[in-house]
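Just so we're aligned, residue 1 is where the sequence shown starts under full-length UniProt numbering, counting upward by one.
Here is the structure we will look at, set down as structure tokens.
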Amino acid sequence: MASPSPQQSWVILAWARPRAWRPPGSSRRARATPPRLAHLTVAPTVFPSDPDPQARIAADASGGLFLVVAPPPVSERPPTRERVWRDPDSGVERTIRIVQVPRPAYFVLDVPAAAAARVPGAGDHLDMAAVGVLAGPREYMVVGLQIIVGGKEATLLCFSSEAREWVEKDVRNPLPRWMWSFGDVVSHGGVWWVDCAVGLLACDPFTDHPKMAYIPLPEVGGHGGGAGGGGGHGSCGYCTIRRLASRRPVQLSGGKFHCVDMGCASQGGAPRITMFTLDDPETVEWTPKYAMDFSGIWDCASYKAAGLPTNKAPEVALI
């Protein structure tokens with residue numbers, strides 16, 4: 001009899017303010033064997049203000065790296081610039097004060113080394129929703145993606161921990177007419193940008209001339225990973241496709257990308273959940289793995305024993 005395959009581990013990430021006051025010092029970590037919690041405490045010298053609950057956190061598990069965003073301190077007074085405007089008719093001068101919005105700070109947390117490093121100049125030209133971190137053999141790289149609607153090219157903004165400078169690299173934009181909106185940035189042999197409405201973008205930023213790959217999402221129930229779909233009567237085609245993102249999470253698990261589609265319930269029936277796996281990114285084909293109506297899940301004894309709600313479509317949190 002073949003031995004059972006080892007159980008895959010998973011992680012839930014959450015932030016919380018320390019309840020007890022701690023003196024300023026270096027970042028600390030406290031590891032624990034699952035299912036107990038492990039804690040990574042970031043020193044006040046790194047984050048002078050409270051964490052932003054809406055901030056993005058990117059990670060590269062292979063190198064134990066986290067890319068986090070620190071909002072400007074509340075007490076920090078934003079810089080201002082003064083401009084004098086003269087009325088052409090009356091000649092009256094008015095002084096206008098222009099307030100410059102403070103930029104957030106980006107930090108790379110090295111968990112194995114219990115160290116943190118600030119990324120210089122990141123707040124000026126990075127989109128929080130399109131930035132990730134990737135570990136290399138000798139260095140790590142912070143990578144941001146800039147895409148202009150209608151442009152056939154996009155720009156990679158790359159910061160190397162070894163060179164300590166920003167470099168721009170041109171890549172192709174596979175869908176020039178699409179308004180990209182990324183829900184996640186994943187590090188997996190490269191950097192992957194996830195748009196749950198249409199598909200994934202991926203490239204290796206360590207190369208001198210990165211090639212951007214595009215993997216459309218699978219088609220389920222008449223909708224799929226193309227950006228050419230349309231809506232119903234009087235509806236916006238883009239908005240129709242964009243609404244699919246709320247019912248279709250894409251995550252990396254077990255070294256492969258998985259897409260879960262939550263179908264809408266019709267005529268009082270239960271929603272249907274379908275999972276696809278990207279076995280080989282080179283083929284850009286998604287393999288169907290599971291398909292099940294939630295009526296069977298709601299009737300499961302363990303589901304009822306857990307006290308979970310029935311006859312209500314859930315939100316998929318883990319894959």
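Here a beta-carbon is modelled for each residue, glycine too, at the ideal position from N, C-alpha and C.
Predicted model only: the values in this text are computed from it and were never measured.
Review point. What are the residues that DSSP puts in a beta bridge with Thr155?
Key: Paired residue(s): Gln146 and Asp170.
Review point. Helix or strand or just coil, what does DSSP make of residue 388?
Key: This structure does not reach residue 388, given that the chain is present from 1 up to 319, and the question cannot be answered.
**Study point:** Straight-line Cα distance separating Met141 from Ser161
**Key:** One C-alpha to the other measures close to 6 Å.
Check your understanding: Taking C-alpha atoms, which residue in Glu285, Ile241, Thr310 and Arg86 lies nearest to His258?
Key -> The residue with the shortest Cα to Cα distance from His258 is Glu285.
Check your understanding: Quick one: is Ala130 buried, meaning 16 or more other Cβ sit within 10 Å of its Cβ, or exposed?
Key -> Burial state of Ala130 is buried, judged by a 10 Å Cβ sphere holding 16 or more other Cβ atoms.
Check your understanding: In terms of alpha-carbon separation, which member of Phe66, Gly91 and Ala135 lies closest to Leu109?
Key -> The shortest Cα separation from Leu109 among Phe66, Gly91 and Ala135 belongs to Phe66.
Practice item. Label Trp85 either buried or exposed according to how many other C-beta atoms from any shown protein chain fall within 10 Å of its C-beta, with 16 as the threshold for buried. Key: When all chains shown are included, Trp85 counts as exposed.
Point to revise | Beta bridge counterpart(s) of Gln251 as assigned by DSSP | key: Beta-bridge pairing links Gln251 to His258.
Practice item. Kindly list the residues whose CB is nearer than 6 Å to the CB of Thr95, restricted to its own chain and excluding five residues on each side of it in sequence; keep chain order. Key: Within the same chain, Thr95 has close Cβ partners Glu82 and Val84.
Point to revise | Span of the beta strand (DSSP E) around Gly132 | key: Per DSSP, Gly132 belongs to the beta strand (DSSP E) from Val131 to Ala135.
Check your understanding: What are the residues that DSSP puts in a beta bridge with Tyr106?
Key -> Paired residues: Val69 and Val119.
**Study point:** Cross-strand partners of Gly199 (DSSP beta bridge)
**Key:** The secondary-structure analysis by DSSP pairs Gly199 across a beta bridge with Asp195 and Pro216.
**Study point:** For Met128, the three-state DSSP class (helix, strand or coil)
**Key:** DSSP places Met128 in helix when its eight states are reduced to three.
**Study point:** Buried/exposed call for Tyr290, threshold 16 Cβ in 10 Å
**Key:** Of the other Cβ atoms in all chains shown, fewer than 16 fall within 10 Å of the Cβ of Tyr290; this residue is therefore exposed.
Review point. To which residues does DSSP link Glu162 through a beta bridge?
Key: DSSP, once it has assigned bridges, lists no residue as partnering Glu162.
Exercise for review: For the beta strand (DSSP E) containing residue 402, list its first residue and its last residue.
Suggested key: With the chain covering 1 to 319 only, the question about residue 402 has no answer from this structure.
Check your understanding: Within the chosen definition, does the segment 271-287 reach the segment 298-305 through at least 3 CB pairs nearer than 8 Å?
Key -> In the pairwise beta carbon analysis, the segment 271-287 is classified as not touching the segment 298-305: fewer than three pairs are separated by under 8 Å.
Review point. Leaving out the 5 sequence neighbours to the left and right, which residues in its chain are closer than 6 Å to Trp298 when beta-carbon positions are compared?
Key: Only Thr310 meet the Cβ criterion.
**Study point:** Cβ shell of Arg272 (< 6 Å), same chain only, five flanking positions each side left out
**Key:** These residues qualify, in order along the chain: Gly263 and Asp293.
**Study point:** Segment limits, alpha helix (DSSP H) that includes Ala301
**Key:** DSSP places Ala301 inside the alpha helix (DSSP H), whose first and last residues are Ala301 to Ala305.
Exercise for review: Can you tell me the Cβ-Cβ gap for Ala70 and Ala105, rounded? I've got them flagged as a contact below 8 Å.
Suggested key: About 5 Å separates the beta carbons of Ala70 and Ala105, which is inside the 8 Å limit, making them a contact pair.
Point to revise | Option nearest Ala61 by Cα separation, candidates Gly296, Gly254 and Ser295 | key: Per the Cα distances, Gly254.
**Study point:** Euclidean distance between Cα positions of Pro218 and Tyr238
**Key:** So the two alpha carbons sit approximately 17 Å from each other.
Exercise for review: For Trp85, name the three-state secondary structure that DSSP assigns.
Suggested key: Strand, per DSSP.
**Study point:** Cut-off 8 Å between Cβ atoms - residues of its own chain near Arg164, not counting five sequence neighbours on either side
**Key:** Taking Arg164 as the centre and dropping the five residues before and after it, the same chain places the C-beta of Pro120 closer than 8 Å to its C-beta, in chain order.
Check your understanding: Apart from the five residues just before and just after Asp184, which ones in its own chain have a Cβ nearer than 6 Å to its Cβ?
Key -> Only Val194 meet the Cβ criterion.
Check your understanding: For Pro72, which residues of its own chain have a beta-carbon under 6 Å away from its beta-carbon, when the five flanking residues on both sides are left out?
Key -> So the list reads Pro102, once near-sequence residues are dropped.
Exercise for review: Can you say whether Ser187 is buried or exposed, counting buried as having 16 or more other CB atoms within 10 angstroms of its CB?
Suggested key: Label assigned to Ser187: buried.
Check your understanding: How should Cys300 be labelled, buried or exposed, when 16 other C-beta atoms within 10 angstroms of its C-beta is the threshold for buried?
Key -> The residue in question, Cys300, is exposed, as its Cβ has fewer than 16 Cβ neighbours within 10 Å.
Check your understanding: Which residue from Val149, Ala113, Pro112 and Phe159 puts its Cα closest to that of Leu126?
Key -> Nearest C-alpha to Leu126: Phe159.
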